[in-house]
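Residues in the sequence shown are numbered consecutively from 207, following my numbering.
Using N, Cα and C, we set each Cβ at its ideal position, and we do this for glycine too.
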Amino acid sequence: MRKVSFLFIASMIFAGGGCTLQHKEQDRVIKTQIPAQQEDRITVTIEPQRYFASQLADTFFYIETMAPQGTDPETYDPSPVQMTALAHSKAYFCIGHIGFEQAWVDKLKANHPQVKFFDNSKGVSLIKTDEHVHEGRHYGEVDPHIWNSPREALTIVKNMYEALVEIDPAHEAIYAGNLRKVTNRIMETDEQIANILNGSSSKAFVIYHPALTYFARDYGLKQYCIENDGKEPSPEQIKKLVETVKSLQMKVIFVQQEFDLKNAEAIARETGCKLVVINPLSYDWNGEMIRIAQALSDE
Ligand SMILES: [Zn+2]
Numbered sequence: 207m208r209k210v211s212f213l214f215i216a217s218m219i220f221a222g223g224g225c226t227l228q229h230k231e232q233d234r235v236i237k238t239q240i241p242a243q244q245e246d247r248i249t250v251t252i253e254p255q256r257y258f259a260s261q262l263a264d265t266f267f268y269i270e271t272m273a274p275q276g277t278d279p280e281t282y283d284p285s286p287v288q289m290t291a292l293a294h295s296k297a298y299f300c301i302g303h304i305g306f307e308q309a310w311v312d313k314l315k316a317n318h319p320q321v322k323f324f325d326n327s328k329g330v331s332l333i334k335t336d337e338h339v340h341e342g343r344h345y346g347e348v349d350p351h352i353w354n355s356p357r358e359a360l361t362i363v364k365n366m367y368e369a370l371v372e373i374d375p376a377h378e379a380i381y382a383g384n385l386r387k388v389t390n391r392i393m394e395t396d397e398q399i400a401n402i403l404n405g406s407s408s409k410a411f412v413i414y415h416p417a418l419t420y421f422a423r424d425y426g427l428k429q430y431c432i433e434n435d436g437k438e439p440s441p442e443q444i445k446k447l448v449e450t451v452k453s454l455q456m457k458v459i460f461v462q463q464e465f466d467l468k469n470a471e472a473i474a475r476e477t478g479c480k481l482v483v484i485n486p487l488s489y490d491w492n493g494e495m496i497r498i499a500q501a502l503s504d505e
């Protein structure tokens, strides 16, 4: 009898211990799971920024993306609901040089003087547009796709960290710890990509829209665009590109779902390149960077 009750009590204690552990797990309430209160939000422009900001601050802030999945942040116009939602944000993180921001940020700042705006591209080594980058979708003289580069991603997360400390200094130590973790993850991704590309014989690739300019710089690759000044290329331009693809023995043509595939398919047929659909605006930043590298490797 005594033995039974001991076992009973022991199992109660054990069960109690289990409960406590579960509670501790649940203590880490992520803001994406509960409705946001005023001042609990940070708005960002694109999904990869939401990924980085979440790694740093999702236990304190609900992170909202201005240009949602499947839209084009270079030509996007915010809805009235989003404009209202921005009023509840403590901060807005700009990616820096993208069409949407060039068209809207001044208006957003004027309408929401209580929201602090931060430029995540501060300190990034920017690439000026050249003959491979067009004017049609990019208003300015700078290639905006800085997030598709592990090296520049390190600067982006550091900028986010500094902004977070400014708007919420009470949690500085937690943000510093999270910055170390996300920095390590980005450096691991960089190392993985370098290893994958090490065995690749081709050092050039074709892409419809020049989303990988910074990625190409990081890893010593050359990017050739199908799009010309944001418009469809002429038959002559395609012919010239086909010759370049053949002479440099390129193997991959990257396309994004948002863009027309017709020309990319025609070039792939004529050159034997494989057509690879990528999403450089994915929330899964690590996964997408690795997938791009794997497509460029020989296997
Ligand atoms: Zn672009």
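| Check | Outcome |
| --- | --- |
| Are VAL458 and LYS480 close, meaning C-beta to C-beta below 8 Å? | yes |
| Exposed or buried, SER406, counting other C-beta atoms within 10 Å across all chains shown (16 or more means buried)? | buried |
| Residues in its own chain within less than 8 Å of PRO439 by CB, not counting five upstream and five downstream? | ILE432, GLU433, LEU447 and ASN469 |
| Give me whichever residues DSSP pairs with ILE380 in a beta bridge. | BP columns for ILE380 are empty, so no partner. |
| Tell me whether PRO416 counts as near ligand 1, meaning its Cβ is closer than 7 Å to at least one heavy atom of that ligand. | yes |
| Quick check: does the Cβ of GLU438 come within less than 7 Å of any heavy atom belonging to ligand 1? | no |
| Around the Cβ of ASP264, are there at least 16 other Cβ atoms within 10 angstroms (buried) or fewer (exposed)? | buried |
| Could you tell me if the beta carbon of PRO254 falls within a distance shorter than 7 Å of some heavy atom in ligand 1? | no |
| Between ASN317 and the rest of its own chain, which residues show a CB-CB distance below 6 Å, the 5 nearest in sequence each way excluded? | none |
| What is the DSSP secondary structure of ILE413, reduced to helix, strand or coil? | strand |
| Alpha carbon to alpha carbon, how far is THR389 from ALA297? Give it in angstroms, no decimals. | 22 Å |
| Could you check what DSSP says for ALA472 in three-state terms: helix, strand or coil? | helix |
| Straight-line CA distance for HIS377 to ALA359? | 22 Å |
| Along the alpha helix (DSSP H) that carries PHE306, what are the first and last residues, could you check? | 305-317 |
| Quick one: grab the DSSP three-state call for SER488. | coil |
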